[in-house]
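What follows is one structure encoded as structure tokens, with my remarks underneath.
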Amino acid sequence: MAQLDPRRQPVRLTPMVFATVAALTVGTLIWRVFQPTPGILPGMALDPGAVMALETEAYAVASARPGFDQPEQVSILVRSGETLSQAIARTGVAPADAQAAVNLLSQAFDVVNVRAGMSIQAAIAKPALGSGQPAQLLGLTTRTGPAKQLTLTTSHDGAMRLRVLEENVRDERRVAIGTIDGSLFTSAAALGATPAVTNNVMKLFAHKLDFERDIKAGDTFKLIFDRKVTESGRTVETGKLLYAEIEAKGGINRFYSFQRAGEKEPQYFDETGKNIRGFLLATPVDGARTSSGFGVRRHPVLGFMKMHTGVDFAAGSGTPIVAAGDGVVQDAKWWGGYGRWVRVRHTGDWQTGYAHMSRIAVQPGQRVKQGQIIGYVGSTGRSTGPHLHFEVWYKNRPINPKDAKVPQGTILGGKELQAFMARKREIDTMIAMADIKRGDEKQALAMNSPAKSAPVAAAPAPVTLVSHERAQERTKTYAALKPALSSTRGMN
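Reminder that position 353 of the sequence shown reads as 352 in numbering that gives the first Met the number 0, one-by-one numbering, no gaps.
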């Protein structure tokens with residue numbers, strides 16, 4: 000029989016593990032009392048007294064396995080090319096029992112096309128030394144989706160029961176108000192924002208703030224985004240970012256989402272209706288550092304002084320390169336010392352060039368949007384290491400991308416500005432409502448806190464201010480929704 004992966008040694012029964020095993024056994028006892036027939040069992044609610052009585056019995060049952068050691072919690076990761084039953088059998092469980100568990104699990108999800116890396120938590124009772132018996136599978140639990148969890152338990156007589164917990168998912172418009180503690184990613188994640196939402200926020204503010212140096216602990220942020228959320232508060236999917244605000248460096252920057260007529264995707268504007276997106280991006284590759292500037296320099300390969308007609312950005316090979324602005328691809332080819340090269344023509348006699356790519360992702364004649372991936376960082380042509388050589392041309396002459404006075408972004412006017420201002424008022428109202436609600440909750444917390452003179456047995460647990468409200472159905476016209484408030488910190 001296959002042995003357990005030595006890197007994943009079983010954990011001896013701790014109080015937490017014992018509680019887990021007991022919880023699984025409680026489930027078994029509940030099902031034996033209320034659902035004696037085998038198969039998939041629905042969730043059910045018991046009064047606290049009944050649950051406590053079952054928990055007491057569960058502790059006794061979980062530890063009373065004649066001929067077996069105390070239960071252990073074992074983490075199982077399905078390996079590449081391994082079946083689910085083989086993964087379970089690696090714990091020492093008899094292959095027949097592992098297959099029986101899989102057969103029952105197959106009634107709730109696809110057990111054939113299981114991906115490598117799937118995680119399972121199992122409760123295993125190993126035989127006493129010298130007994131020669133296989134281990135017993137007491138139970139296991141696994142999550143098969145963001146809102147779906149399966150729990151399998153084995154009773155004393157060997158009968159297996161499966162419980163499927165599938166939470167309802169609802170649409171919600173989220174108003175997240177928080178204080179940065181650590182990083183924007185971790186602080187926003189605590190309020191339900193996914194990395195995709197936070198990445199979008201960082202891109203919006205990239206031309207205003209340096210997130211490494213300008214953001215300090217205690218700076219505040221406000222976000223509004225749509226999401227799909229389970230009943231327990233787990234974010235299943237996030238939709239569009241409607242609003243982003245960061246207060247840092249002694250100032251506040253706010254950006255509003257607004258979809259212009261004829262556009263497929265919304266854009267972001269400041270309070271005056273000015274598009275925050277410039278005509279050309281100054282840095283068309285994320286996470287890069289400037290390794291060489293514009294001007295005369297000693298060429299690192301040729302060894303003599305030569306005009307450097309662009310800016311070099313050092314980045315790892317394979318890092319995506321994006322179009323600096325909307326335009327049409329003129330060149331997508333190998334071009335001598337530039338290696339794999341792309342040139343994009345923009346409006347008003349402006350062009351940009353991208354050299355030394357490892358791979359090109361566009362074709363000549365193709366229209367591209369600002370931020371669209373056009374290739375990947377490499378070291379092709381005359382290059383000493385992976386980097387992007389970026390050029391900006393105006394009227395067929397190269398100019399310094401750092402100093403280029405490119406046209407500013409769109410400024411809304413007329414009816415479009417009126418529509419934007421109506422959208423802005425709607426978003427401002429959501430923020431104001433959330434701020435009022437947040438203030439009321441903080442006041443209620445303060446009123447409910449014990450007086451200083453009153454005897455207190457133990458210090459109260461730290462409070463995280465989080466509240467959820469069901470949002471109304473979203474509509475294509477973005478009708479006003481009742482926001483779901485989430486906030487942290489700000490208690491002092």
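We put the beta carbon where it would ideally sit given N, CA and C, even for glycine. Model, not experiment: these values are computed from the prediction.
Checking 8 Å against the spacing of the C-beta atoms, do Ala331 and Pro283 come in under that value? No, Cβ-Cβ distance for Ala331 and Pro283 is not below 8 Å.
Only counting the same chain, and skipping five residues up and downstream in sequence, which positions put a Cβ closer than 7 Å to that of Val328? Only Val341, Val343, Val361, Gln362, Pro363, Gly364, Gln365, Val367 meet the Cβ criterion.
Going residue by residue through the region 126–201, where are the continuous beta strand (DSSP E) segments of at least 3 residues, counting only ones entirely within it? Whole beta strand (DSSP E) segments, 3+ residues: 135–144, 147–153, 159–165, 168–178.
Within the same chain, show all residues whose beta-carbon is closer than 6 Å to that of Thr409, passing over the 5 residues directly before and after it, in chain order. Short of 6 Å from the beta carbon of Thr409, and not among the five residues preceding or following it, lie these beta carbons of its own chain, in chain order: Asn274.
Please classify Glu171 as buried or exposed, where buried requires at least 16 neighbouring CB atoms within 10 angstroms. When all chains shown are included, Glu171 counts as buried.
Beta carbon of Phe293, beta carbon of Asn399: below 8 Å? Going by C-beta atoms, Phe293 is nearer than 8 Å to Asn399.
Secondary structure, beta strand (DSSP E): runs of 3+ residues fully inside the region 207–233: Whole beta strand (DSSP E) segments, 3+ residues: 219–229.
Cβ separation of Gly91 and Lys125, assumed to be a contact under 8 Å, to the nearest whole Å: The pair is a contact, with the Cβ atoms about 6 Å apart (cut-off 8 Å).
For Gly413, tell me which candidate among Tyr337, Ala260, Arg339, Ser291 has the shortest Cα-Cα distance. Here the closest residue by C-alpha is Ala260.
Could you tell me whether the Cβ atoms of Val376 and Ile320 are closer together than 8 Å? Yes.
In three-state DSSP terms, what is Gln362? Secondary structure of Gln362 (DSSP, three-state): coil.
Roughly how many angstroms lie between the CA atoms of Ile75 and Ile430, to the nearest whole one? Taking the straight line joining both Cα atoms gives about 45 Å.
If you compare alpha carbons, which of Gln69, Asp180, Asp325 is closest to Asp348? If you compare the alpha carbons of Gln69, Asp180, Asp325 with that of Asp348, the shortest gap goes to Asp325.
Consult DSSP for Glu415 and reduce its assignment to one of helix, strand or coil. If DSSP states are grouped into helix, strand and coil, Glu415 belongs with the helices.
Rounded Cβ spacing between Leu136 and Thr153 (contact assumed at less than 8 Å): Yes, they are in contact, since the Cβ atoms of Leu136 and Thr153 sit about 6 Å apart, within 8 Å.
Roughly how many angstroms lie between the CA atoms of Ala115 and Phe220, to the nearest whole one? Answer to the nearest angstrom: the Cα atoms are 38 Å apart.
Span of the beta strand (DSSP E) around Ala121: 118–124 is the span of the beta strand (DSSP E), which, as asked, contains Ala121.
Three-state secondary structure (DSSP) of Lys436: Secondary structure at Lys436: helix, using DSSP grouped into helix, strand and coil.
Around the C-beta of Glu71, are 16 or more other C-beta atoms found within 10 angstroms, so that it is buried, or is it exposed? Buried.
When the Cα atoms are used, what is the spatial distance from Leu240 to Phe224? Straight-line spacing of the CA atoms in Leu240 and Phe224 works out to 4 Å.
Per-residue burial, Lys423 [other beta carbons within 10 Å of its own, 16 or more giving buried]: Under this definition Lys423 is a buried residue.
According to the Cβ coordinates, are Ala188 and Gly177 closer than 8 Å? Not a contact, by the Cβ cut-off of 8 Å.
For Ser84, which of helix, strand or coil comes out of DSSP? The answer is helix: DSSP assigns Ser84 an H, G or I state.
In the DSSP assignment, find the unbroken beta strand (DSSP E) run with Asn252 in it and report its ends. 250–257 is the span of the beta strand (DSSP E), which, as asked, contains Asn252.
Report the option in Gln266, Ser84, Lys147 whose CA atom is closest to the CA atom of Ser231. Comparing Cα-Cα distances from Ser231 to each of Gln266, Ser84, Lys147, the minimum goes to Lys147.
Whose C-beta lies closer than 6 Å to the C-beta of Leu280 among residues of the same chain, with five residues either side of it excluded? Counting only Cβ-Cβ distances below 6 Å, and skipping sequence neighbours, we find Ala323.
For Ala354, I'd like the list of residues in its chain whose CB is within less than 7 Å of its CB, leaving aside the five on either flank, ordered along the chain. These residues qualify, in order along the chain: Tyr337, Gly338, Trp340, Gly380, His388.
If Val174 and Ala433 are in contact, beta carbons under 8 Å, what's the gap, nearest whole angstrom? That belief holds up - the Cβ atoms of Val174 and Ala433 are roughly 4 Å apart, short of 8 Å.
CA-CA distance, Ile359 and Trp333? The straight-line gap from Cα to Cα measures roughly 10 Å.
Take Ser382 as the anchor and find which of Ser290, Lys202, Ala134, Gly374 has the nearest alpha-carbon. Ranked by how close their Cα comes to the Cα of Ser382, the residues Ser290, Lys202, Ala134, Gly374 have Ser290 in first place.
Note down the Cα distance separating Gly191 from Val228, rounded to an integer number of angstroms. Approximately 9 Å, taken between the alpha carbons.
If we ignore side chains and look at the alpha-carbon of each, how far apart do Ala97 and Glu165 end up? Those two C-alpha atoms are separated by around 24 Å.
Reducing DSSP to helix, strand and coil, say where Glu270 ends up. Residue state, collapsed to three classes: coil.
Measuring CA to CA, which of Thr234, Gly238, Arg169 is closest to Asn199? Out of Thr234, Gly238, Arg169, Gly238 has the C-alpha closest to the C-alpha of Asn199.
Excluding sequence positions up to five away, which residues of its chain have a Cβ less than 7 Å from the Cβ of Gly272? Cβ-Cβ distances below 7 Å link Gly272 to Ile410, Leu411, Leu416, Phe419 in the same chain, with the five nearest sequence neighbours on each side left out; the list follows chain order.
Among Asp213, Ser256, Glu270, Pro265, which has the Cα closest to the Cα of Gly249? Comparing Cα-Cα distances from Gly249 to each of Asp213, Ser256, Glu270, Pro265, the minimum goes to Asp213.
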